[in-house]
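Beneath this line is the structure, given in structure tokens, with notes to follow.
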């Protein structure tokens with residue numbers, strides 16, 4: 036229970052992008068989980084430590100901890116745990132520009148989630164797979180399918196808010212490239228952004244809030260509202276520099 040509590044405290048800090056406190060609690064939870072030979076909690080802490088490294092763009096370190104977690108899940112024959120690890124490893128390969136391995140691990144995760152009818156897992160994979168698709172219409176289809184599940188489960192969940200931001204960005208891309216659909220697409224982009232920003236503020240999700248400010252800055256510039264675009268861009272850089280400061284990385 037203590038290991039689980041430390042892990043949950045770490046996740047609360049992670050959601051606020053306070054990485055040093057998140058890491059401190061995850062490692063404390065890991066130490067306890069290893070001491071009592073609790074395989075599931077050990078793997079959970081390893082995956083969460085990997086997430087901190089992932090958020091700081093340290094993909095080699097992230098992959099190191101993700102593979103440790105996967106090895107434990109495989110030894111325990113824990114399909115749900117393996118699916119989580121597959122999805123996490125895919126995310127890391129994706130951000131490291133290895134789209135071949137990203138697709139491979141996403142598909143492995145999706146197969147397990149479908150077998151167990153895990154809606155949250157399916158929505159997560161759809162959200163992430165959409166980013167590997169180049170065609171905007173097909174990309175949007177995956178994102179909207181994911182969001183229909185998130186809306187059913189918990190629209191305020193971190194990945195749901197990220198997906199809403201992705202939908203807003205995709206609509207903005209449609210507006211940029213399709214004159215016939217421009218006004219409607221940009222309006223939809225604004226609606227998705229307004230909703231996702233409100234949810235990120237409500238949940239004190241600083242990582243998503245920062246990301247969404249960057250998207251809104253681009254949208255404001257696209258619609259000619261350069262004054263607001265400037266202020267959003269300025270705020271985005273201030274928050275981003277604070278969250279991903281060298282002090283926090285250290």
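Residue numbers (the numbering used here): 36 to 285. Every residue, glycine too, gets a C-beta built ideally from N, C-alpha and C. Just so we're clear, the structure is a prediction, and the values are computed from it rather than from any experiment.
query, result
"Excluding the five sequence neighbours on either side, which residues of its own chain have a C-beta within less than 8 Å of the C-beta of residue 206, listed in chain order?", "175, 220, 221, 223, 224, 227"
"If we count Cβ pairs, one from each stretch, closer than 8 Å, do we get three or more for the stretch 206-216 versus the stretch 235-244?", "no"
"DSSP on residue 133, reduced to helix/strand/coil?", "coil"
"Can you determine whether any heavy atom of the ligand GTP sits closer than 6 Å to the C-beta of residue 228, and answer yes or no?", "Absent from the structure shown: the ligand GTP. Ligands present: none."
"Among residues of its own chain, excluding the 5 on either side of residue 270, which ones have a beta-carbon nearer than 8 Å to its beta-carbon?", "248"
"Quick test of the definition: if touching needs 3 or more C-beta pairs under 8 Å, does the stretch 37-45 touch the stretch 64-75?", "yes"
"When the Cα of residue 86 is compared with those of 130, 37, 75, 213, which residue comes out closest?", "130"
"For residue 251, count neighbouring Cβ atoms within 10 angstroms of its own Cβ and tell me buried if that reaches 16, exposed if not.", "buried"
"Can you confirm whether residue 54, when its beta carbon is compared against all beta carbons of chain B, has any partner nearer than 7 Å?", "The displayed structure is made up of one protein chain only, and chain B is not part of it."
"For residue 173 and residue 185, what's the separation of their Cα atoms in angstroms?", "19 Å"
"The alpha helix (DSSP H) that contains residue 225, what's its start and end?", "217-237"
"Can you round the beta-carbon distance between residue 124 and residue 101 to whole angstroms, since I take them to be within the 8 Å contact cut?", "5 Å"
"Relative to the C-alpha of residue 231, which residue among 217, 193, 114 is closest?", "193"
"Given a threshold of 16 other Cβ atoms within 10 Å of its Cβ, counted over all protein chains shown, does residue 152 qualify as buried or as exposed?", "exposed"
"Helix or strand or just coil, what does DSSP make of residue 91?", "coil"
"For residue 253, which residues of its own chain have a beta-carbon under 7 Å away from its beta-carbon, when the five flanking residues on both sides are left out?", "207"
"From residue 189 to residue 195, what does the alpha carbon distance come to, in whole angstroms?", "8 Å"
"Quick one: using the 10 Å Cβ neighbour count with 16 as the cut-off for buried, is residue 156 buried or exposed?", "buried"
"So what does DSSP say about residue 51, is it helix, strand or coil?", "coil"
"Given a cut-off of 7 Å, decide if residue 178 and residue 163 are closer than it, judged by their beta-carbon atoms.", "no"
"For residue 161, is the classification buried or exposed, using 16 other Cβ atoms within 10 angstroms of its Cβ as the cut-off for buried?", "buried"
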